[in-house]
Every structure is written in C-alpha cells, then in structure tokens.
Amino acid sequence: MSANSEMQIRRTPASRPVGSTTHLSPSGTSISSTGSNKRKAESILYSDTAVRFNENSLEQCRTSVSALSGCVAGIIGLTSYKGFVFYGFSMLLLSLMIFAFIRHEHRRFFTNLNHVFVNGFFNGLLTYVLFWTFLYGMVHVY
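Just so you know, the sequence shown maps onto residues 1 to 142 in full-length UniProt numbering.
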C-alpha cells in the first residue's frame, strides 16, 4: 500500500453514480445498486494513524508559534491584557493560515473543523506565558 492510500480513503461522487448505494458481496467485491436511499453527503473513511499524525503536526505548530510569539511579546515589552490579546491574535493568524493552506477542505485532514481553530489553545498558552515572562525579564528588568 502506498503512503497516500493509508492517509485517507475517500469516496467521491465520480466513483459511483448519484443515488446508488454500494454493498459488499460475500467475496469482498463491491456491488453497486440504485435504491431509494440517496445520500446527500459523501462518506469519508479516516485512517486513525493519519488523523493522529495531522493533529500532532498541528500541536507542534501551535507550540512553536506560542514560543515565538511569547519571545516577541517579551522583547517588545507587552504587559497585562495586551500580551494575552497578542497571543489570541497570533493563534488566530496561525489557524487562518492553516485553514487557507488546506484550501477549505478540512475534512481531508481532520475529522472536525474545531481541530484547526480550538485544539491546543490552552497548551500553547502555557508555553506562551513561559517565554513571554522569561524574555520580558531578560530584556526589560535586567
């Protein structure tokens, strides 16, 4: 099996006629038959390994951006709520960039759109505060 076939198995409307259902015969081959049940949305099968890999990659991106934005916030001297607003802005910018990169087809990479925008927000916040306070103390206090 190639790496691409392990990443995602997707049934597209071009692979079977609209309104037809696919059944497996006892020998394991697929049999297509038209029925009264029409599927409005295409079904997508996910590979657990691929989804975990994508979520792990997203978590690493969030951690890296949190550390980088914490360094920037500490160096430019942000304090109080301005620093937390900067963190929210940097995470929103990262999420929008990832969303633009996957070209509005989040279902190919994640099971839910919340994985792109919400997951790992608070884990990154701890990393951000660590770097923010460290660099602020190094540049502005000492």
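All C-beta atoms in this analysis are idealised placements derived from N, C-alpha and C, irrespective of residue type, glycine included. Treat the numbers as computed from the prediction; the structure is a model and nothing was measured.
Along the alpha helix (DSSP H) that carries residue i, what are the first and last residues, could you check?
{"i": "Leu135", "result": "Phe121 to Tyr136"}
{"i": "Glu55", "result": "Asp48 to Ile76"}
{"i": "Thr90", "result": "Note on residue identity: the sequence assigns Ser, not Thr, to residue 90. Where Ser90 is concerned, the enclosing alpha helix (DSSP H) stretches over Tyr81 to Phe101."}
{"i": "Val118", "result": "Where Val118 is concerned, there is no enclosing alpha helix (DSSP H), given that its DSSP letter is neither H nor E."}
Between the options, which lies nearest to residue i when the distance is taken from Cα to Cα?
{"i": "Met55", "options": "Ile76, Phe110 and Val139", "result": "With the sequence shown as reference, residue 55 is identified as Glu, and Met is not the correct amino acid for it. Residue Phe110 is the option with its Cα nearest to Glu55."}
{"i": "Gly83", "options": "Thr133, His140, Tyr142 and Met138", "result": "Thr133"}
{"i": "Cys61", "options": "Gly120, Tyr46 and Arg103", "result": "Gly120"}
{"i": "Val51", "options": "Tyr142, Arg108 and Leu130", "result": "Arg108"}
Would you grab the beta carbon distance between residue i and residue j for me? Rounded to a whole angstrom, and I think it's under 8 Å.
{"i": "His115", "j": "Leu58", "result": "7 Å"}
{"i": "Met91", "j": "Gly124", "result": "7 Å"}
{"i": "Phe89", "j": "Ala73", "result": "Not a contact, Cβ separation roughly 10 Å."}
{"i": "Ile75", "j": "Val118", "result": "With 8 Å as the limit, Ile75 and Val118 do not qualify as a contact, their Cβ atoms being about 28 Å apart."}
{"i": "Gly77", "j": "Tyr128", "result": "With a Cβ gap of about 15 Å, Gly77 and Tyr128 do not count as contacting."}
- Do the region 95-102 and the region 63-71 touch if we need at least three Cβ pairs shorter than 8 Å? At 8 Å Cβ cutoff, the stretches do not touch.
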